[in-house]
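For reference, the structure is listed below as structure tokens.
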Amino acid sequence: MKKLTFENLTNIFLKNFFQGLLIIGPIGLTIFVIWYVISSIDNIIPSVAREIPGLVFISTLLATAILGYLGNKFVVGRFFVDAIDRILERTPGIKHIYSPTKDVMSSFVGDKKKFSDPVWVKTNENPEIWRIGFLTQKEMADVDKHNFVAVYLPHSYAISGWVIITEEKNIKPVIGMTAATAMKFAVSGGVAGFHSDENIFKAPE
Numbered sequence: 000m001k002k003l004t005f006e007n008l009t010n011i012f013l014k015n016f017f018q019g020l021l022i023i024g025p026i027g028l029t030i031f032v033i034w035y036v037i038s039s040i041d042n043i044i045p046s047v048a049r050e051i052p053g054l055v056f057i058s059t060l061l062a063t064a065i066l067g068y069l070g071n072k073f074v075v076g077r078f079f080v081d082a083i084d085r086i087l088e089r090t091p092g093i094k095h096i097y098s099p100t101k102d103v104m105s106s107f108v109g110d111k112k113k114f115s116d117p118v119w120v121k122t123n124e125n126p127e128i129w130r131i132g133f134l135t136q137k138e139m140a141d142v143d144k145h146n147f148v149a150v151y152l153p154h155s156y157a158i159s160g161w162v163i164i165t166e167e168k169n170i171k172p173v174i175g176m177t178a179a180t181a182m183k184f185a186v187s188g189g190v191a192g193f194h195s196d197e198n199i200f201k202a203p204e
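Residue numbers (numbering that gives the first Met the number 0): 0 to 204.
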């Protein structure tokens with residue numbers, strides 16, 4: 000039996016401590032973010048939040064869902080939504096905030112999601128380097144870039160990214176991954192596996 004020394008005990012403690020962080024860290028951060036979002040929305044009307052915690056948050060969710068339903072399913076609702084959209088799109092100053100925000104949000108949610116076509120992009124010839132991205136423009140002829148395409152490359156562990164314009168020959172479709180799995184793989188820095196329920200990272204023994 001190996002003799003336990005102070006150094007061995009310290010190593011065992013640190014190993015298990017960091018293993019515990021791997022377990023509790025993501026759970027704790029997720030709970031904190033959810034609680035922060037709920038609290039922030041709930042405190043829009045502090046008097047109601049004090050009386051019935053969570054009511055403002057639930058009401059906001061329901062109102063947003065109802066607005067989305069009315070705006071898509073009914074002619075009158077669609078008319079008002081389009082009218083407001085046109086006004087905001089043409090209002091000086093406001094349009095520079097509204098338009099980019101609408102474009103970004105519509106890229107991730109709704110019926111016109113833009114990040115739905117994952118591709119491999121060759122970013123270096125020698126040595127050969129490929130990155131995973133999302134095809135956002137299949138042709139750039141309107142800006143005199145014939146046979147070029149636009150690809151969005153998400154950053155790892157961030158909600159940001161950047162766009163490159165590259166020749167069509169430098170991209171290949173991603174086979175074996177859905178768009179959601181490809182985004183997860185890219186944002187996780189490659190830690191997430193090639194299937195939605197697979198994780199190729201394992202804590203050291």
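Beta carbons: idealized from backbone N, C-alpha and C, even for Gly.
* To do: Check each candidate in Lys-144, Asp-81, Trp-161 and name the one with the smallest Cα separation from Arg-130.
  => Of Lys-144, Asp-81, Trp-161, the residue nearest in Cα terms is Trp-161.
* Flag Val-47 as yes when its Cβ comes closer than 6 Å to any non-hydrogen atom of the ligand NAD, and as no otherwise. => You won't find the ligand NAD in this model; it holds no ligand whatsoever.
* To do: Rounded to whole angstroms, what's the CA-CA distance from Ile-30 to Ile-37? Just pull it up for me.
  => In a straight line, the C-alpha of Ile-30 is about 11 Å away from that of Ile-37.
* Start and end residues, alpha helix (DSSP H) containing Tyr-68 -> 54–72 is the extent of the alpha helix (DSSP H) around Tyr-68.
* Going by DSSP, what residues sit across from Leu-134 in a beta bridge? -> Val-150.
* Cβ contact (3+ pairs, closer than 8 Å) linking the segment 115–133 and the segment 167–178 -> Output reads yes: the segment 167–178 touches the segment 115–133.
* **Three-state secondary structure (DSSP) of Asn-198** => Only weak support is given to the placement of Asn-198: the predicted model assigns it a pLDDT of 47, under 50, and the value that follows is read from those uncertain coordinates. Asn-198 falls in the strand class under three-state DSSP.
* To do: Hey, could you find the ends of the beta strand (DSSP E) Thr-177 is sitting in?
  => It is not in any beta strand (DSSP E) - Thr-177 carries neither H nor E in the DSSP assignment.
* To do: From the DSSP output, in three-state form, read off Ile-222 for me.
  => There is no way to answer for residue 222, as the model of the chain reaches only from 0 to 204.
* To do: Give a yes or no on whether the C-beta atoms belonging to Leu-155 and Gly-132 are separated by under 7 Å.
  => Going by the sequence as given, residue 155 is Ser instead of Leu. For Ser-155 and Gly-132, no; Cβs fall outside 7 Å.
* Quick one: grab the DSSP three-state call for Asn-169. => Here DSSP, grouped into helix, strand and coil, assigns Asn-169 to helix.
* **Straight-line Cα distance separating Leu-66 from Phe-78** => A straight line joining the alpha-carbon of Phe-78 with that of Leu-66 spans about 13 Å.
* Spatial neighbours of Ala-149 in its chain, beta-carbon cut-off 7 Å, leaving aside the 5 residues before and after -> The answer, listed in chain order, is Thr-135, Gln-136, Met-139, Val-162, Ile-164.
* Asked: Can you tell me whether Ile-11 is buried or exposed, with buried defined as 16 or more other CB within 10 angstroms of its CB?
  -> Looking at its Cβ environment, which holds fewer than 16 other Cβ atoms inside 10 Å, Ile-11 is exposed.
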